[in-house]
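Below is one structure, written out as structure tokens, with a few remarks after it.
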């Protein structure tokens, strides 16, 4: 009987760890970023929005409910309500945040005027064009879904950027 009781304890611990870790991994796998660009003759604008599965809200709510049921079940099984209640009170803000989860708002970025950029990095492998200043991490990074838009944007940049702009073709590292 003791070995069966010990096996149940191990099983309960494993299930608790899996219940905690699985949502984090699933959330990270299901998350994608959608980029939207508006290109003006004077500057560029970028909107970056994290896109989630339509089931993400349901998933988080279900996870929060399972966490509550797990805590109640552990309290009943171990017949020790005080430690479980303390843990429940400590985890209540997290559980309520999961139950009321909303997707994060979109991030907006307005680039500098085209005349201030003097370097262009062209990554043909991943269809990325980055217009930047001396520091390559400060600039306007644009990703393209197809080659036609890529070439059209590159042609547009040659008309709006200063004639002294340096073009480099390499794989974009950032």
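Residue numbers (my numbering): 1419 to 1592.
From the three backbone atoms N, C-alpha and C, an ideal C-beta is built for every residue, glycine too.
Quantities reported herein were computed from a predicted structural model and do not represent experimental measurements.
Item: Tell me where the alpha helix (DSSP H) around residue 1466 begins and ends.; Value: Segment 1462 to 1469 is the beta strand (DSSP E) holding residue 1466; no alpha helix (DSSP H) there.
Item: Answer yes or no: the CB of residue 1546 versus the heavy atoms of the ligand PLP, is any distance below 7 Å?; Value: Looking for the ligand PLP in the displayed structure turns up nothing, as the structure carries no ligands at all.
Item: Spell out the partners DSSP gives residue 1528 in its beta bridges.; Value: 1463
Item: Going straight from the alpha carbon of residue 1515 to that of residue 1473, what length do you get?; Value: 16 Å
Item: Whose C-beta lies closer than 6 Å to the C-beta of residue 1489 among residues of the same chain, with five residues either side of it excluded?; Value: 1502, 1506
Item: Any chance the region 1535 to 1542 sits against the region 1517 to 1527, with 3 or more Cβ pairs inside 8 Å?; Value: no
Item: CB residue 1557 to CB residue 1463, shorter than 8 Å?; Value: no
Item: For residue 1574, which residues in the same chain have their Cβ closer than 8 Å to its Cβ, ignoring the five residues on either side in sequence?; Value: 1457
Item: Which residues in the same chain as residue 1454 place their Cβ atom closer than 6 Å to its Cβ, once the five residues preceding and following it in sequence are excluded?; Value: 1465
Item: Of all the options 1546, 1510, 1467, which has the alpha carbon lying nearest to the alpha carbon of residue 1564?; Value: 1546
Item: Could you pull out every unbroken beta strand (DSSP E) segment of at least 3 residues lying fully inside the region 1528 to 1567, listed in chain order?; Value: 1537 to 1541, 1546 to 1550, 1557 to 1561
Item: Helix, strand or coil for residue 1454, going by three-state DSSP, please let me know.; Value: strand
Item: Please state whether DSSP places residue 1591 in a helix, a strand or coil.; Value: coil
Item: In whole angstroms, what separates the C-alpha of residue 1553 from that of residue 1433?; Value: 48 Å
Item: Quick one: Cα of residue 1469 to Cα of residue 1520, how far?; Value: 11 Å
Item: Using the beta-carbon count (16 or more within 10 Å), is residue 1532 buried or exposed?; Value: buried
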